[in-house]
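Each residue of the sequence shown is one higher than the last, beginning at 100 in the numbering used here.
Beneath this line is the structure, given in structure tokens, with notes to follow.
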Amino acid sequence: MTRRGRRALVTGGAGLIGSHLSDLLLGQGYEVRILDNLEPNTHRNGKPPWIPPEAEFLRADIRDREAVRSALEGVSVVFHQAAYGGYMPEMAKYVEVNSFGTAQMLETI
Numbered sequence: 100m101t102r103r104g105r106r107a108l109v110t111g112g113a114g115l116i117g118s119h120l121s122d123l124l125l126g127q128g129y130e131v132r133i134l135d136n137l138e139p140n141t142h143r144n145g146k147p148p149w150i151p152p153e154a155e156f157l158r159a160d161i162r163d164r165e166a167v168r169s170a171l172e173g174v175s176v177v178f179h180q181a182a183y184g185g186y187m188p189e190m191a192k193y194v195e196v197n198s199f200g201t202a203q204m205l206e207t208i
């Protein structure tokens, strides 16, 4: 079954789950757009080599409403995998990214 012409947005697409999901979607015929901020604590060397070259990559933060709005243009399905995995001593950042970022995504959709 082909899904050409359908574009999927994968937030957190540079992470373990998001990158594998992107591969799967590409294999099923989706056009894939990845939105990831490449958090330095996780991606010390910048954009990882496992991001599929066929995917469109946008480096942005899900807390940035305009970046999210732009990333959603022409998208028919969203897979929200973006999350901040740090805990202590950055509990405020953890809550801000994971809660506020998700709320921002839902409001923008």
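From the three backbone atoms N, C-alpha and C, an ideal C-beta is built for every residue, glycine too.
Please read these numbers as outputs of a predicted model, since none were measured by experiment.
If we ignore side chains and look at the alpha-carbon of each, how far apart do residue i and residue j end up?
i: Ser118; j: Leu137; result: 12 Å
i: Thr101; j: Leu124; result: In this prediction, Thr101 has a pLDDT of 49, which is less than 50 and means its spatial position is unreliable; nothing more can be read from the coordinates.
i: Gly173; j: Arg106; result: 7 Å
i: Asn144; j: Glu189; result: 21 Å
i: Arg164; j: Met204; result: 8 Å
i: Ala191; j: Ala182; result: 13 Å
i: Ala202; j: Glu130; result: 25 Å
i: Pro147; j: Gly184; result: 17 Å
Across which residues does DSSP place residue i in a beta bridge pair?
i: Asp135; result: Arg158
i: Val176; result: Ala107
Can you tell me whether residue i is buried or exposed, with buried defined as 16 or more other CB within 10 angstroms of its CB?
i: Ile116; result: exposed
i: Arg132; result: buried
i: Gln180; result: buried
i: Gly114; result: buried
i: Val194; result: exposed
Under 7 Å, do residue i and residue j count as touching if we go by C-beta distance?
i: Ile161; j: Gly112; result: no
i: Leu157; j: Leu134; result: yes
Of the choices the options, whose alpha-carbon is the least far from that of residue i?
i: Ala170; options: Glu155, Lys146 and Trp149; result: Glu155
i: Glu153; options: Ser175, Lys146 and Asp122; result: Asp122
i: Ile208; options: Val109, Val177 and Gly104; result: Val177
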